[in-house]
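Asker: Residue numbers (our numbering), protein chains in the order written: chain U, 49 to 320; chain X, 92 to 363. Cβ coordinates follow ideal geometry from the N, Cα and C atoms, glycine included. Everything numeric in this text was worked out from a predicted model, so none of it was measured.
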Amino acid sequence: MNEPAGAVPVISVVNLRVSYSEREVLHGISFDVRRGETLVILGGSGSGKSTLLRTLVGLEKPSAGEVWIKGVNIAAASEPELDEIRKKMGVSFQGGALFGSMTVGENVALPLREHTRLEDSTIEIMVRIKLEQVGLASFENYMPSELSGGMKKRAAVARALAMDPDMLLFDEPSAGLDPIIAAGIDELILELKKAYSMSIVVVTHELASAFLIADRILLIDRGNVLAIGSKEEIKTCTQPRVRQFLDRVPEPQVEDELNYLQMLTRDIKARN
Amino acid sequence: MGAAEKITALPYRVGAATVNGLAYVGSLARLAGDSAYTTVAGPFRGKGVRLQRALHQAMAVGVGAIPIVSLITFFVGLIMALQSAYELRRLGAIQFVADAVAISIIRELGPLITAIIVIGRSGSAFAAEIGTMRVTEEVDALETMALRPVAFLVAPKFLAMLVMVPCLTVWADFMGVMGGCLFGVTGANFTFISYLRATRDALLASDILTGLIKSALFAVVITAVGCQEGFSTGAGAEEVGRSTTTAVVRSIFLVIAVDLVFTALFYLTNHG
Numbered sequence: 049m050n051e052p053a054g055a056v057p058v059i060s061v062v063n064l065r066v067s068y069s070e071r072e073v074l075h076g077i078s079f080d081v082r083r084g085e086t087l088v089i090l091g092g093s094g095s096g097k098s099t100l101l102r103t104l105v106g107l108e109k110p111s112a113g114e115v116w117i118k119g120v121n122i123a124a125a126s127e128p129e130l131d132e133i134r135k136k137m138g139v140s141f142q143g144g145a146l147f148g149s150m151t152v153g154e155n156v157a158l159p160l161r162e163h164t165r166l167e168d169s170t171i172e173i174m175v176r177i178k179l180e181q182v183g184l185a186s187f188e189n190y191m192p193s194e195l196s197g198g199m200k201k202r203a204a205v206a207r208a209l210a211m212d213p214d215m216l217l218f219d220e221p222s223a224g225l226d227p228i229i230a231a232g233i234d235e236l237i238l239e240l241k242k243a244y245s246m247s248i249v250v251v252t253h254e255l256a257s258a259f260l261i262a263d264r265i266l267l268i269d270r271g272n273v274l275a276i277g278s279k280e281e282i283k284t285c286t287q288p289r290v291r292q293f294l295d296r297v298p299e300p301q302v303e304d305e306l307n308y309l310q311m312l313t314r315d316i317k318a319r320n
Numbered sequence: 092m093g094a095a096e097k098i099t100a101l102p103y104r105v106g107a108a109t110v111n112g113l114a115y116v117g118s119l120a121r122l123a124g125d126s127a128y129t130t131v132a133g134p135f136r137g138k139g140v141r142l143q144r145a146l147h148q149a150m151a152v153g154v155g156a157i158p159i160v161s162l163i164t165f166f167v168g169l170i171m172a173l174q175s176a177y178e179l180r181r182l183g184a185i186q187f188v189a190d191a192v193a194i195s196i197i198r199e200l201g202p203l204i205t206a207i208i209v210i211g212r213s214g215s216a217f218a219a220e221i222g223t224m225r226v227t228e229e230v231d232a233l234e235t236m237a238l239r240p241v242a243f244l245v246a247p248k249f250l251a252m253l254v255m256v257p258c259l260t261v262w263a264d265f266m267g268v269m270g271g272c273l274f275g276v277t278g279a280n281f282t283f284i285s286y287l288r289a290t291r292d293a294l295l296a297s298d299i300l301t302g303l304i305k306s307a308l309f310a311v312v313i314t315a316v317g318c319q320e321g322f323s324t325g326a327g328a329e330e331v332g333r334s335t336t337t338a339v340v341r342s343i344f345l346v347i348a349v350d351l352v353f354t355a356l357f358y359l360t361n362h363g
């Protein structure tokens, strides 16, 4: 990794390993997220990219390694320390994860109500500002169930922005959306990047959207870092596995006929 | 599996089941303890329990249950009167029907039937609500907003249940006695006033008190099991159904078990 001088990482992941019970999902991952950059974590299904994001926000505990955010190793941090970091970290979940029993406005207001001592009128104004920023002005009294998939994601971004975070994390922002709505979400991320000097981490498997919004791309595959670098570096990378992902080549069929026969007849006993 | 293996497998299974059972009770106690801590210590740290949410829960748990609790316990009171009258009439002691109804309803059936209705209405709803929130990542979203799911979701439910279940029990006791009264007036030569007087003479203050203590314990058990099952919901809509079923079955079992233990304790302390 060629760090430019003076670039301080906001997130620094060192040799991170995460396991679900017996199965290890991430096998020693290291990378940095620099201040103000947009890093896209790109990987196929089951590559461990969502687990990586969940670990970055402290929802999964690593089995080994360190995750440094603002000088705190969240793998070993106490709950109050973790809370302080989380208050300055906005997370937008795949399905939006809006609270179904509250209106859109109440959803956005929730972190402000719980963590600040602002007047209700101030909170209301801030909610309107945040909703306007994501293109949902005048939707504050709708229930989440009355919104479309794309609008839910926008509302989730507004909620993530509520506490004026200096870090924004997206889990699959374009999952389940049609290309036009997905492009709108990409556009929103670009606008936010321009408007604030936030560090943004996006987990996705969409190549087009990754190359549109990223400053740098981290490619992960089966729980390992395959490549990290600027868009150009990744585009011109010659590593076969990277090329396979970028050129969308399907996995080769490995079984030959004998293996196939064995697979069919395995564990079936002859009858005599 | 050989005979020797079967013999050694049995103690292993018994041991594993015991450890799992104890771990489960431990997790319930932890949930209850955490909630109690946030409710009591929260206000001193500037984070009061969500009274608004507790009130909302209390309406759903308590006020919403009044019609069905009234109807069922009225019927049960009437049934108890009919059943005991059957035997008492043969002994020429029909005037004791008020005593029989009062003692069985107030010591046992009022608290128990209330608990079972509350399990069906609210315990299952807790599991389904929290389970759905897990599936849609809303619980994760709470955590990433530095809000404790226990403080936010569980503590208001405990508070509401601890107040409302004993209140419902008192009402259930009253309605059960009224059910018995219907028979007493129509079939056993009581007047309304004389039936109530007979009921009063049959009871000790401690009968009502032990019923209330039990109902408070039932409230803790139902809330803890419902919420615990909700939190342990896996991925997918199917899992919500499974955890709701488990919550109901386990709550009923644990309520009966707690009932047995405390009834035995009351018996031993009075007669032992």
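1) Check each residue of the segment 119-139 of chain U: if its Cβ is closer than 9 Å to any Cβ of chain X, include it; give the result in chain order.
2) Looking at Gly76(U): is its Cβ nearer than 8 Å to the Cβ of Gly106(U)?
3) For Pro52(U), I'd like the list of residues in its chain whose CB is within less than 7 Å of its CB, leaving aside the five on either flank, ordered along the chain.
4) Is Ala159(U) close to chain X? Criterion is C-beta to C-beta, closer than 8 Å.
5) Output the residue ranges of the beta strand (DSSP E) runs that lie fully inside the segment 99-160 of chain U and measure 3 residues or longer, sorted by chain position.
6) Just to confirm, are Ala151(X) and Thr335(X) a CB contact at a threshold of 8 Å?
7) Quick check: is the beta carbon of Asp231(X) nearer than 8 Å to any beta carbon in chain U?
8) Taking CB distances under 8 Å as the criterion, tell me whether Thr227(X) reaches chain U.
9) Of the residues Thr86(U), Leu101(U), Arg83(U) and Ala145(U), which one's Cα is nearest the Cα of Arg65(U)?
10) Runs of 4 residues minimum, wholly inside the segment 112-166 of chain X: which ones carry the alpha helix (DSSP H) assignment?
11) Considering only the alpha carbon of each residue, which of Tyr190(U), Gly144(U) and Val182(U) lies closest to Leu233(X)?
12) With 16 other CB atoms within 10 Å as the buried threshold, where does Phe274(X) fall?
13) Of all the options Ala230(U), Tyr244(U) and Arg270(U), which has the alpha carbon lying nearest to the alpha carbon of Ala256(U)?
14) Which whole-angstrom value is the C-beta distance of Pro257(X) and Ala307(X), which I expect to be below 8 Å?
15) What is the rounded straight-line gap between the Cα of Thr164(X) and the Cα of Thr360(X)?
16) What does a CB cutoff of less than 6 Å around Gly271(X) pick up in its chain, not counting 5 residues either side in sequence?
17) In terms of residues, what are the limits of the beta strand (DSSP E) holding Asn48(U)?
18) Any idea what DSSP makes of Leu294(X), helix, strand or coil?
19) Would you say Leu104(U) lies against chain X (beta-carbon separation less than 8 Å)?
20) Counting only C-beta atoms, is Thr129(X) closer than 8 Å to chain U at any point?
21) Put Asp269(U) into one of helix, strand or coil per three-state DSSP.
22) Verify the CB distance criterion: does Leu107(U) have a CB-CB separation below 8 Å to chain X?
23) Assuming Pro192(U) contacts Leu236(U) under a Cβ cut-off of 8 Å, what Cβ separation, rounded to an integer in Å, is found between them?
24) With distances taken Cα to Cα, identify the nearest neighbour of Arg296(U) among Gly92(U), Val73(U), Ile59(U) and Val62(U).
25) Going by beta carbon distance, what residues of the same chain come within less than 6 Å of Gly54(U), once the five residues before and after it are set aside?
26) Please name the residue or residues paired with Arg82(U) in a DSSP beta bridge.
27) Using a Cβ-Cβ cut-off of 6 Å (strictly less than) and excluding sequence neighbours within five positions of Met49(U), which residues of its own chain qualify?
28) Classify Ser215(X) as helix, strand or coil using the three-state DSSP reduction.
29) Would Arg83(U) and Val58(U) be called neighbours here (beta carbons separated by less than 8 Å)?
30) Considering only the alpha carbon of each residue, which of Gly138(U), Ser186(U) and Met211(U) lies closest to Ile171(U)?
31) Under 7 Å Cβ to Cβ from Ala204(U), same chain only, skipping five residues before and after it: list those, please.
32) Suppose the cutoff is 8 Å on Cβ atoms and the five residues either side in sequence are ignored; what does the same chain contact list for Thr337(X) look like?
33) By the three-class DSSP mapping on this structure, what secondary structure does Pro257(X) have?
34) Quick one: list the residues of chain U neighbouring Glu330(X), beta-carbon separation under 9 Å, in chain order.
35) Please list the partners that Met150(X) has in chain U, where partner means a Cβ-to-Cβ separation under 9 Å.
36) Could you spell out the range, first to last residue, of the beta strand (DSSP E) harbouring Met191(U)?
Answerer: In short, the structure shows the following:
1) Cβ contacts with chain X come from Glu127, Leu130, Asp131, Glu132, Ile133, Arg134, Lys135, Met137, Gly138 and Val139.
2) The answer is no: Cβ separation not under 8 Å.
3) Residue confidence for Pro52(U) is low, a pLDDT of 49 falling below 50, so the modelled location carries little weight and cannot support an answer.
4) Strictly speaking, residue 159(U) in this sequence is Pro, with Ala absent from that position. Taking Cβ atoms only, chain X reaches closer than 8 Å to Pro159(U), which makes this a yes.
5) DSSP assignment within the segment 99-160 of chain U yields the following whole beta strand (DSSP E) runs of 3 residues or more, N-terminal first: 112-117 and 137-140.
6) No, these two residues do not count as a Cβ contact at 8 Å.
7) Chain U places a beta carbon closer than 8 Å to that of Asp231(X), counting this residue as a contact.
8) Closer than 8 Å to some Cβ of chain U, the Cβ of Thr227(X) qualifies, so yes.
9) Closest option to Arg65(U), Cα to Cα, is Leu101(U).
10) DSSP runs (the alpha helix (DSSP H)) wholly in the segment 112-166 of chain X: 142-152.
11) Selected option, being the one with the closest Cα: Gly144(U).
12) Buried, since its Cβ has 16 or more Cβ neighbours within 10 Å.
13) Scanning Ala230(U), Tyr244(U) and Arg270(U) for the CA closest to the CA of Ala256(U) turns up Ala230(U).
14) Between Pro257(X) and Ala307(X) the beta-carbon gap is near 6 Å, inside 8 Å, which marks them as a contact.
15) One Cα belongs to Thr164(X), the other to Thr360(X), and the distance between them is close to 29 Å.
16) Excluding the 5 residues flanking it on each side, Gly271(X) has same chain C-beta neighbours closer than 6 Å at Gly168, Ala172 and Val192, in chain order.
17) Because chain U spans 49 through 320 in this model, residue 48(U) falls outside it and cannot be assessed.
18) In this structure, Leu294(X) counts as coil in the three-state DSSP scheme.
19) Among the CB atoms of chain X, none fall inside 8 Å of the CB of Leu104(U).
20) It does not: the Cβ of Thr129(X) has no partner Cβ on chain U nearer than 8 Å.
21) Three-state result, Asp269(U): strand.
22) Contact with chain X is found for Leu107(U), since one of that chain's Cβ atoms lies less than 8 Å from the residue's Cβ.
23) For Pro192(U) against Leu236(U), the beta-carbon gap comes to about 18 Å, at or over 8 Å, which does not count as contact.
24) Ranking the options by Cα distance to Arg296(U), first place goes to Gly92(U).
25) Confidence at Gly54(U) is low in this model, with a pLDDT of 46, below 50, so the placement of that residue should be treated as unreliable; the coordinate-derived value is given next. Excluding the 5 residues flanking it on each side, Gly54(U) has no same chain C-beta neighbour closer than 6 Å.
26) Paired residue(s): Pro57(U).
27) Its pLDDT being 42, under 50, Met49(U) is placed unreliably by the model, and nothing is read from it.
28) DSSP, reduced to helix, strand and coil, places Ser215(X) within a helical segment of the structure shown.
29) Yes.
30) The residue among Gly138(U), Ser186(U) and Met211(U) with its C-alpha nearest the C-alpha of Ile171(U) is Met211(U).
31) The beta carbon of Ala204(U) lies closer than 7 Å to those of Ser140, Phe141, Gly144, Ala145 and Leu146 in the same chain, with the five residues before and after it left out.
32) Cβ-Cβ distances below 8 Å link Thr337(X) to Ala218 and Glu320 in the same chain, with the five nearest sequence neighbours on each side left out; the list follows chain order.
33) In the structure shown, the three-state DSSP call for Pro257(X) is helix.
34) None at all; the shortest Cβ gap to chain U is about 16 Å.
35) The CB of Met150(X) never comes closer than 9 Å to any CB in chain U; the least such distance is about 13 Å.
36) For Met191(U), there is no enclosing beta strand (DSSP E), since its DSSP letter is neither H nor E.
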